[in-house]
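Below: one structure, written as C-alpha cells.
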Amino acid sequence: MEHQFQVHLNIASQYYHSAKEDPNNLITLDDDEKYLVIHHPWFRNYYHWITEAIPRLWMVRQESSSMILLLPPLGELPVSALKSLEAFNLKGVFHIPSGKSVLVNNLFMPELKPTMASFNRATLFSLKNIFTEYTKTIKINVDLGDRILLSRRKSRRRKIINEDQVIAELARYNFTVVYNEDYTFLEQISIYSNAKCLISTHGAGMTNMLFMPKGSTIFEFHKRKTNAGDKQSFVFWYMSNSLCHNYYHQICDPLDADEHFFTADMLVDIELFKKNLKLMLLY
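For the sequence shown, the numbering used here begins at 21 and goes up steadily by one.
Have a look at this one:
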C-alpha cells in the first residue's frame, strides 16, 4: 500500500505547479509568524478530520497558542471541523482562498499517520478527554440513552433496506435511533459519551466511538464482497481495538451485487442479527 503521506504529497504538488505557472495564484505571507498545517485532501470527511487532522493539532498543543492555523476556504470546511477547533488554543486561523497557494517563512507540519487504519492509543484517549471535558465545561449535555442505532436513512448511500425490521428488534433492548446530522458536533460528543453500545452500518459517523466510555460495545454492518472491485474497510475494527471497545460485525448482502463497498445499500439477515444481538448483549 502506498504510504498515505505520498498520496497527499502528490495531490498537494498540483497546487505548487499552479502557483509556479501563474504567480497570481501565490499568496506570500512575509512575516515571522508560525504557521501550522493539519489538513490534507480528504479534510471534508469526518473520519479523516477527527482521526488524522486533529491528532496533528494535538501533537503541537503546547505550542499552538503561538501558531496560526492554515485552513482551506471557509466555505469548503465542514461546520464540524470548525467546531472541533474550539477545544484547542490557537493564535489565529488563516483560510487559504480557493485555487491559491501560500508561501510562509515558518511552517509546521506535524507527522501524518502512515495509513488510515493505524491508531495511537494514547493519542486517541487524550483527544477523547479533551473533547469530553470541553463539552462539560461549556455545559452541553445531551443524553439519548446508552444504546444507540446510528441510522443512515437520511444519507445518500449505504442504507439498510430493511431498517424498520432492525429497529423493531432493537426496540426490545431499549435502543435509540440516532441521526448524527440532527445534532451539532459538540452535541454528538455528549450523546456518545453517554452511550455504551453502538450499532451502525460502516460510515464516518462511527468515528464517534472515540467519545464512548472504555469497554463499550461496537457492532458494524459490513457489505459482503460481491465483485472484483470491492475493497472492504476494517478501520473501525482497528479503531475500536485501540479504544479498548468490544467489536462485532455482521456481513450483509447488497441490494445490487455490482455496487461496491462504499456505496451499496444492504439487506440485514434479521434471524442472524437476532442471534448476534443476543451474543453481543450477553458478553
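Beta carbons: idealized from backbone N, C-alpha and C, even for Gly.
| Check | Outcome |
| --- | --- |
| Quick one: give me the first and last residue of the beta strand (DSSP E) that glutamine 196 is part of. | In the sequence as displayed, the identity of residue 196 is threonine instead of glutamine. Residues 196-198. |
| Are phenylalanine 205 and serine 138 close, meaning C-beta to C-beta below 9 Å? | no |
| Between which two residues does the beta strand (DSSP E) harbouring tyrosine 268 extend? | 266-274 |
| Using 9 Å as the threshold, is the C-beta distance between leucine 46 and serine 121 below it? | yes |
| Quick one: using the 10 Å Cβ neighbour count with 16 as the cut-off for buried, is arginine 141 buried or exposed? | exposed |
| Terminal residues of the continuous alpha helix (DSSP H) containing isoleucine 181? | No alpha helix (DSSP H) contains isoleucine 181, which DSSP labels as neither H nor E. |
| Looking at C-alpha atoms only, which residue of Arg81, Val113, Ser171, Ser84 is the closest neighbour of proline 92? | Val113 |
| Could you give the distance in angstroms between the alpha-carbon of serine 146 and the alpha-carbon of arginine 177? | 32 Å |
| Would you identify the three-state DSSP class for glutamate 189, choosing helix, strand or coil? | helix |
| For isoleucine 150, report the span of its alpha helix (DSSP H) as first-last. | 141-157 |
| Contact check, phenylalanine 108 vs serine 84 under 8 Å by CB: the rounded distance? | 6 Å |
| Does the segment 243-252 come close enough to the segment 190-208 to have 3 or more Cβ pairs within less than 8 Å? | no |
| According to the neighbour-count rule (16 or more other Cβ atoms, all chains shown, within 10 Å of its Cβ), is lysine 295 buried or exposed? | exposed |
| Starting from lysine 103, trace the alpha helix (DSSP H) both ways and give me its first and last residue. | 99-104 |
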